[in-house]
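Read through the structure below, which is laid out as structure tokens, and then see the notes.
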Amino acid sequence: MSFVATGLKSTEEYSYIDTNNIAENRGMKLFKTVGIYGANASGKSNIIRALNWFVSAIITQPSPQSNFVFLCDPFLYQKDSKNTESFFQIVLLIEGIKYRYGFTVKRNLETNVEKDNNFSREIVTNEWLYTSKSEVMYPRFERTNDEVITNNLENKDKVPANIPYKHTLFLAHAASFDSKGDCSKVFSYLNIIPISIYQQLFRSLSISHLKNTENKQSFLHLLSIFNLKYDDIILQEDSKIDKAKIFPQEKVLLEKQYESIKIFLNLKDNESSGTQKLFDLAGLLLYAFNFFSLIIVLDEIDSNFHPSLLIKLIGLFNNPEINKMNSQLLFTSHDTNLMSPSIMRRDQFYFTEKNEDDSTRLYSLADLKGVQNDADFAKQYLAGFYGALPILEEYRQEDRL
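One gets our numbering by counting positions in the sequence shown from 1 and adding 27 to each.
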């Protein structure tokens with residue numbers, strides 16, 4: 028899966044899509060939005076979970092306890108799955124430099140747990156970091172098991188050669204000793220990828236915006252774009268008990284003025300799940316559009332959202348006047364209203380489909396031959412032209428229990 032635009036071009040009717048949906052960075056054309064579609068249980072959410080586990084494994088501080096347990100969960104239907112390595116890799120563009128970082132991990136099948144205090148249940152078998160300002164990429168470091176070659180690593184003298192544990196990633200190890208090198212840049216960037224699994228953290232960011240007078244007005248304006256019009260938003264201070272919680276439940280009151288009547292609505296008790304979800308996202312969107320370029324990952328983006336609201340949200344990301352930082356959005360969805368050449372190009376859509384052995388296949392709409400750039404993507408998708416649809420059998424009387 029890639030955010031890099033292909034050589035496809037929209038038809039003249041939708042030529043604005045090529046301008047709005049693509050941001051250029053050092054000669055690379057990158058999409059601001061990419062969507063994944065597919066049947067239930069086809070693997071869409073697993074892709075988001077894998078990305079979450081990948082990022083979490085990198086940014087978690089090295090410790091005796093491995094946090095690779097979910098990354099070492101091989102496909103059960105393949106032969107010798109216990110010995111199978113899991114492969115993870117990501118390519119990023121940071122400050123005009125392309126970084127390709129990845130690693131392979133597997134379960135440690137050794138049995139000397141009691142004899143070795145540093146025993147790791149999961150081990151890193153390979154790890155690498157390549158960088159480039161052109162098409163040719165050069166290794167900063169390459170690792171095989173415990174051996175790391177750091178010939179081209181910046182400030183390598185600052186980084187101890189010995190890795191604490193077999194499950195410790197050298198990238199995180201190096202970043203903890205050198206705060207300005209390539210390892211630290213990749214580590215820091217991955218550390219701020221917002222993934223929808225952490226929805227509660229999104230609300231914390233929204234609340235922090237509301238505590239700033241200038242940001243608060245921008246926050247109210249953003250909500251009004253989605254037809255959520257409030258005269259003010261009031262935060263009630265937490266009790267001392269609530270403040271001791273990891274995620275304190277701040278009471279948010281939404282003020283509406285109707286003629287001479289002033290009404291206060293409790294966000295949690297009086298507003299819908301969709302409004303609460305948008306409130307949680309609003310602070311993150313303001314940050315991503317105005318302050319820092321982010322990759323935002325939202326699983327089931329259409330959950331609790333009206334189709335028109337969802338189209339508006341995608342439109343904000345693709346609007347260069349709104350999304351000043353060219354932040355990017357990766358989402359999964361079932362809502363086919365987005366599948367229009369007037370909203371997104373066909374190389375912005377990916378599909379997941381189960382193979383015969385129940386493994387997941389991920390493929391791009393751009394890879395399918397015979398699809399016109401101005402086709403009715405939604406109609407063709409629902410008609411089964413692209414695959415990635417559930418196979419539904421007829422419900423028979425004798426099937427009932």
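We put the beta carbon where it would ideally sit given N, CA and C, even for glycine. No experiment lies behind these values; they were computed from the predicted model shown.
I'd like to check one pair, residue j with residue i: are the Cβ atoms closer than 8 Å?
i	j	result
M366	Y408	yes
R167	T158	yes
L389	M28	yes
G54	Q375	no
L98	E154	no
H181	D209	Correcting the residue type first, residue 181 is Glu in the shown sequence and not His. For E181 and D209, yes; Cβs fall inside 8 Å.
A410	F378	no
Y257	E298	no
D326	I75	yes
L356	F344	yes
L156	N52	no
I49	L57	yes
K351	F316	yes
I260	L249	no
L280	Q303	no
D307	S233	yes
Y128	L228	no
R372	V398	no
Y165	N179	yes
Taking the beta carbon of residue i as the centre, do at least 16 other beta carbons fall within 10 Å, making it buried, or is it exposed?
i	result
R134	buried
A188	exposed
E241	exposed
S360	buried
K212	buried
P221	buried
D329	buried
T10	Past the edges of the chain, shown from 28 to 428, lies residue 10, and the structure says nothing about it.
H200	buried
I273	Interpretation of I273 is limited by its pLDDT of 42, a score under 50 that renders its predicted location unreliable; the figure taken from the coordinates is listed afterwards. By the 10 Å Cβ count, I273 comes out exposed.
G70	buried
K207	exposed
L136	exposed
E149	buried
A68	exposed
F114	exposed
V132	buried
V163	exposed
G123	exposed
If residue i and residue j are in contact, beta carbons under 8 Å, what's the gap, nearest whole angstrom?
i	j	result
I370	I349	Going by Cβ atoms, the distance from I370 to I349 rounds to 15 Å, so no, they are not a contact pair.
V186	F204	5 Å
N451	S83	No information on residue 451 is available, as it lies outside the stretch 28 to 428 that the chain covers here.
N218	I117	Incorrect: roughly 13 Å between the Cβ atoms, too far for contact.
F253	K339	6 Å
L392	S354	Wrong, their Cβ atoms sit about 23 Å apart, outside the cutoff.
P431	D401	Summary: the structure shown does not reach residue 431, with the chain confined to residues 28 through 428, and so no result is reported for it.
H194	G310	The pair is not a contact, with the Cβ atoms about 35 Å apart (cut-off 8 Å).
What three-state label does DSSP hand residue i in the structure shown?
i	result
E39	helix
Y216	helix
P368	coil
F168	strand
E241	helix
N52	strand
L336	helix
V82	helix
R148	coil
Y408	helix
C99	coil
G70	coil
L313	helix
F319	coil
D205	coil
Q303	helix
L343	helix
N179	coil
K270	No answer about K270 holds up, because its pLDDT of 48 lies below 50 and its placement is not dependable.
D362	coil
D184	helix
Among all the DSSP beta bridges, which residues are the ones paired with residue i?
i	result
L357	V61 and V324
G129	Q116 and W155
V398	For V398, which the question treats as bridged, DSSP gives no partner whatsoever.
S391	Y377
E174	T171
R230	Its beta-bridge partners do not exist; DSSP assigns none.
I222	V324
I124	I121
R134	E149
V31	L57
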